[in-house]
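Peer 1: Please see the structure below; I have some questions.
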Ligand SMILES: [Zn+2]
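The structure is reproduced here in C-alpha cells:
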C-alpha cells in the first residue's frame with residue numbers, strides 16, 4: 004500500500020484505510036476526515052481495495068497546485084548562481100534581469116543566448132525582475 008499523506012485538515016499521520024463490503028476509504032483518526040469511498044468488486048483482495056482507497060486519500064489537486072505555485076514563486080524570487088560558459092546556470096529566456104557580481108553591485112542587464120550579458124562586469128548571479136509598480140486605479 005502507498006504511504007498515506009498527512010490529514011489535510013489537522014496534519015496528523017494517524018490515517019487508516021477502512022474496508023467495509025465493497026467500499027474502502029481513508030479516515031483520519033484524530034479529526035474524522037474521510038476520503039471519497041473507493042468501490043471495488045468483491046473479487047479484489049483486501050490489499051487491492053486498500054490501494055484504491057489510499058490513492059483517493061492521497062489525491063490532492065488543490066494542495067498539489069498550491070505546492071507547485073509555491074515552488075515556482077520561490078524559484079522566481081531567489082538569486083541564481085551564474086558561471087560564464089556553464090549553460091545550466093544561464094537564465095531561461097532572453098530578457099532583462101537583476102544581476103550581481105563579486106563586488107555585490109546590483110545591476111539591471113539584458114541576457115541574450117548569442118552574446119550573454121552585455122556587460123563585462125563578471126556576473127556571478129541573476130534574479131528575475133519584480134513586476135513593475137502598478138499605479139492606483141488600474
Ligand atoms: Zn485530521
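Residue numbers (this note's numbering): 4 to 141. Ideal Cβ placement from N, Cα and C applies to all residues, glycine included. Here the structure is a predicted model, which means the values were calculated and not measured.
What beta strand (DSSP E) runs, 3 residues minimum, are completely inside the region 24-107?
Peer 2: Fully enclosed beta strand (DSSP E) runs of 3 or longer: 26-31 and 98-104.
Peer 1: Under the three-state reduction of DSSP, which class applies to residue 14: helix, strand or coil?
Peer 2: Three-state DSSP puts residue 14 in coil, outside helix and strand.
Peer 1: If contact is defined by three or more beta carbon pairs under 8 Å, each pair taking one atom from either stretch, is the region 118-137 in contact with the region 95-103?
Peer 2: Yes, they touch.
Peer 1: Per DSSP, what are the beta-bridge partners of residue 111 in this structure?
Peer 2: Its beta-bridge partners are 101.
Peer 1: Over what stretch of residues does the beta strand (DSSP E) that includes residue 9 continue unbroken?
Peer 2: First-last for residue 9: undefined, no H or E at that position.
Peer 1: Mind checking whether the beta-carbon of residue 15 lies closer than 7 Å to any heavy atom of ligand 1?
Peer 2: Yes, ligand 1 has a heavy atom inside 7 Å of this Cβ.
Peer 1: Please check the pair residue 32 and residue 8, which I expect to be a contact at CB under 8 Å, by giving their CB distance rounded to whole angstroms.
Peer 2: Going by Cβ atoms, the distance from residue 32 to residue 8 rounds to 15 Å, so no, they are not a contact pair.
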